[in-house]
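According to the numbering used here, the sequence shown holds residues 1340 to 1756 in order.
The structure appears right after this line, and notes come after that.
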Amino acid sequence: MSLTTFEPALAGEQETEPRAAVRTSLPVREGIEIGPRRRIRSARLDDRYALFGAGAAALAIAALLFGWIAPLSGVVGFFVVAFLAFVAIYALLVSSTGDGREVTDRVMTVMLASAGVILCGALIFVVVFTLLRGLPALVHANFFFQDMEFAGPLDGLDLGGVAHAIVGTLIQIGIALAISIPLGIVTALFLNEVGGRFARFVRTIVDAMTALPSIVAGLFIYSAIILGLGLQRSGFAAALAITVMMLPIIVRASDVVLRLVAGNLREASYALGASRWRTVWHVVLPTARSGLVTAVILGTARGIGETSPVLLTSGVTNVMNTNPFEGPMISLPLQVFTFVGSPEPNMIARGFGTAAVLLLLVLALFAIARVIGGRGPADQSPRSQRRVRAASVRDVERMDAASARREASAQPQEEPQ
């Protein structure tokens, strides 16, 4: 066995005494075999047997209760009884080989994993059910490019569509985002960077507005804008109602995200001579960018699916309207509400197809938001990297020019004869 040594020597000096070798590696004992690395995330064999045995026993108990012993029925009840029996039997099997802490750990692991499976299952069920019910309408291309001006309840699915609702939703949510994003983020910056008594009052109001019913927001805009100012129902009024619903969500989520920015980043910026708002613009906001995008996504998810405030403020129409300040403008959630209220099967299919289009639209908006602002604070796009390199080159040239001027001024000047 050899040891790695390091013998430093200074230039121009000769060592007079031998120096001890510096050990930079741990000694390896001879005769000891190192086995394969242990996989700490893999389940043991007895754990797998306990899982499979508890699952089989739970299904058998549920089948006996629902098929032979008790007068029970229903698919949901069957799975609930089977799950409860599975947890109890699994805890009993684990207790035969482990102590109380291991039983608690295994049971809580099963409960958390089950919660995740149930959540994903519910989401997949909603998406798949909506797509299957709306598939008869989605297979027709006219559904995406036509409005309902010349289509009636008894017409086939090859006539009419929801193009006017798609355009109305995009216009309304665009206006709402243009108002709520700057106002919400600036309010969150005020709550974190300024503070004070008024900031505490604003935070209390924002917390109270997060639980505001959507119908109240619609009534507020209806009474203040439509009745108070004498304006007609329009897409702009609907966008204002959506803004009232989105704003507290964006402010509250942005407030939480900005609190997570480390204080030493601000202190380092102040130490370099930056002002407060320059620190906010160049340090705080880039650091919290991904979290702020998540806050905007949460607010968009709250506003894009609202029906009650849009019903009171936008009106209902079957024709295309691209002017948000004049005439009624329908949105996708309101179009779903009007379609599924009809007893005709074709109209109900159009309603589920419209809901599927809304799901796809929300997914597309979220993907775009993630692409735009999903990078971390240290990740830079190629354009940002080129801009930073160019700024560094300019800084080097400026410092070299300043150094040359100082050297020129420091040289002694010749006196005239």
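Note that beta-carbon positions come from the ideal geometry of N, C-alpha and C, so glycine has one too.
Nearest-angstrom Cα distance between residue i and residue j?
{"i": "Val1727", "j": "Ile1636", "result": "29 Å"}
{"i": "Glu1736", "j": "Leu1631", "result": "36 Å"}
{"i": "Leu1570", "j": "Gly1666", "result": "10 Å"}
{"i": "Leu1509", "j": "Leu1651", "result": "18 Å"}
{"i": "Val1583", "j": "Val1446", "result": "43 Å"}
{"i": "Ile1687", "j": "Phe1464", "result": "19 Å"}
{"i": "Val1696", "j": "Ser1435", "result": "53 Å"}
{"i": "Phe1575", "j": "Gln1511", "result": "7 Å"}
{"i": "Phe1691", "j": "Arg1472", "result": "6 Å"}
{"i": "Gly1567", "j": "Arg1536", "result": "32 Å"}
{"i": "Ser1731", "j": "Gln1724", "result": "11 Å"}
{"i": "Leu1403", "j": "Pro1410", "result": "10 Å"}
{"i": "Ile1560", "j": "Thr1646", "result": "14 Å"}
{"i": "Gln1485", "j": "Asp1734", "result": "57 Å"}
{"i": "Ile1643", "j": "Arg1615", "result": "35 Å"}
{"i": "Ser1562", "j": "Ala1577", "result": "13 Å"}
{"i": "Asn1603", "j": "Leu1477", "result": "53 Å"}
{"i": "Ala1396", "j": "Thr1469", "result": "35 Å"}
{"i": "Tyr1429", "j": "Ala1550", "result": "40 Å"}
{"i": "Glu1488", "j": "Phe1705", "result": "31 Å"}
{"i": "Thr1677", "j": "Pro1684", "result": "13 Å"}
{"i": "Phe1417", "j": "Asp1385", "result": "27 Å"}
{"i": "Leu1458", "j": "Ala1601", "result": "33 Å"}
{"i": "Pro1721", "j": "Ile1707", "result": "18 Å"}
{"i": "Ala1740", "j": "Tyr1609", "result": "27 Å"}
{"i": "Gln1750", "j": "Met1738", "result": "19 Å"}
{"i": "Phe1405", "j": "Gly1394", "result": "17 Å"}
{"i": "Gly1612", "j": "Pro1625", "result": "19 Å"}
{"i": "Val1710", "j": "Ser1748", "result": "52 Å"}
{"i": "Val1456", "j": "Gly1523", "result": "34 Å"}
{"i": "Asp1438", "j": "Leu1451", "result": "20 Å"}
{"i": "Ser1553", "j": "Ile1408", "result": "48 Å"}
{"i": "Ser1742", "j": "Gly1534", "result": "43 Å"}
{"i": "Leu1431", "j": "Gly1460", "result": "27 Å"}
{"i": "Val1555", "j": "Asp1444", "result": "45 Å"}
{"i": "Asn1481", "j": "Leu1462", "result": "28 Å"}
{"i": "Ala1607", "j": "Leu1528", "result": "19 Å"}
Grab me the residues of residue i's own chain with a C-beta within less than 7 Å of its C-beta, minus the 5 sequence neighbours each way, in chain order.
{"i": "Ala1504", "result": "Ile1669, Ser1670, Leu1671, Gln1674 and Thr1693"}
{"i": "Arg1572", "result": "Ile1565, Thr1652, Ser1653, Gly1654 and Pro1667"}
{"i": "Ala1502", "result": "Phe1483, Phe1484, Gln1485, Asp1486 and Met1659"}
{"i": "Ala1547", "result": "none"}
Once the 5 residues before and after residue i are set aside, which same chain residues still bring their CB inside 8 Å of it?
{"i": "Val1466", "result": "Leu1698"}
{"i": "Arg1641", "result": "Met1584, Met1585 and Ile1588"}
{"i": "Phe1664", "result": "Ser1573, Gly1574 and Phe1575"}
Would you kindly check if the distance between the Cβ of residue j and the Cβ of residue i is under 8 Å?
{"i": "Pro1648", "j": "Gly1557", "result": "yes"}
{"i": "Val1590", "j": "Thr1526", "result": "yes"}
{"i": "Val1433", "j": "Glu1441", "result": "yes"}
{"i": "Ser1681", "j": "Pro1492", "result": "yes"}
{"i": "Val1619", "j": "Glu1532", "result": "yes"}
{"i": "Ala1634", "j": "Ala1580", "result": "no"}
{"i": "His1479", "j": "Asp1497", "result": "yes"}
{"i": "Val1414", "j": "Thr1661", "result": "no"}
{"i": "Ala1401", "j": "Val1420", "result": "yes"}
Excluding the 5 residues flanking residue i on each side, which residues of the same chain have their C-beta closer than 6 Å to its C-beta?
{"i": "Ser1453", "result": "none"}
{"i": "Ala1490", "result": "Leu1498 and Gly1499"}
{"i": "Thr1656", "result": "Pro1667 and Ile1669"}
{"i": "Arg1689", "result": "Ala1476 and Phe1678"}
{"i": "Arg1605", "result": "Thr1618"}
{"i": "Ile1514", "result": "Ala1578"}
{"i": "Leu1700", "result": "none"}
{"i": "Leu1530", "result": "Ala1538, Arg1542 and Asp1594"}
Could you tell me whether any non-hydrogen atom of the ligand HEM is closer than 7 Å to the CB of residue i?
{"i": "Gly1413", "result": "The ligand HEM is absent from the structure shown, which contains no ligand whatsoever."}
Is there a Cβ from chain D that is less than 8 Å from the Cβ of residue i?
{"i": "Leu1599", "result": "Among the chains in the structure shown there is no chain D, since it carries only a single protein chain."}
Meets three-Cβ-pair contact criterion under 8 Å: the stretch 1620 to 1630 and the stretch 1595 to 1606
The stretch 1620 to 1630 vs the stretch 1595 to 1606: in contact.
Between the stretch 1511 to 1521 and the stretch 1540 to 1548, do at least 3 Cβ pairs fall closer than 8 Å?
no
Quick check: the stretch 1385 to 1402 against the stretch 1416 to 1429, are at least 3 beta-carbon pairs closer than 8 Å?
yes
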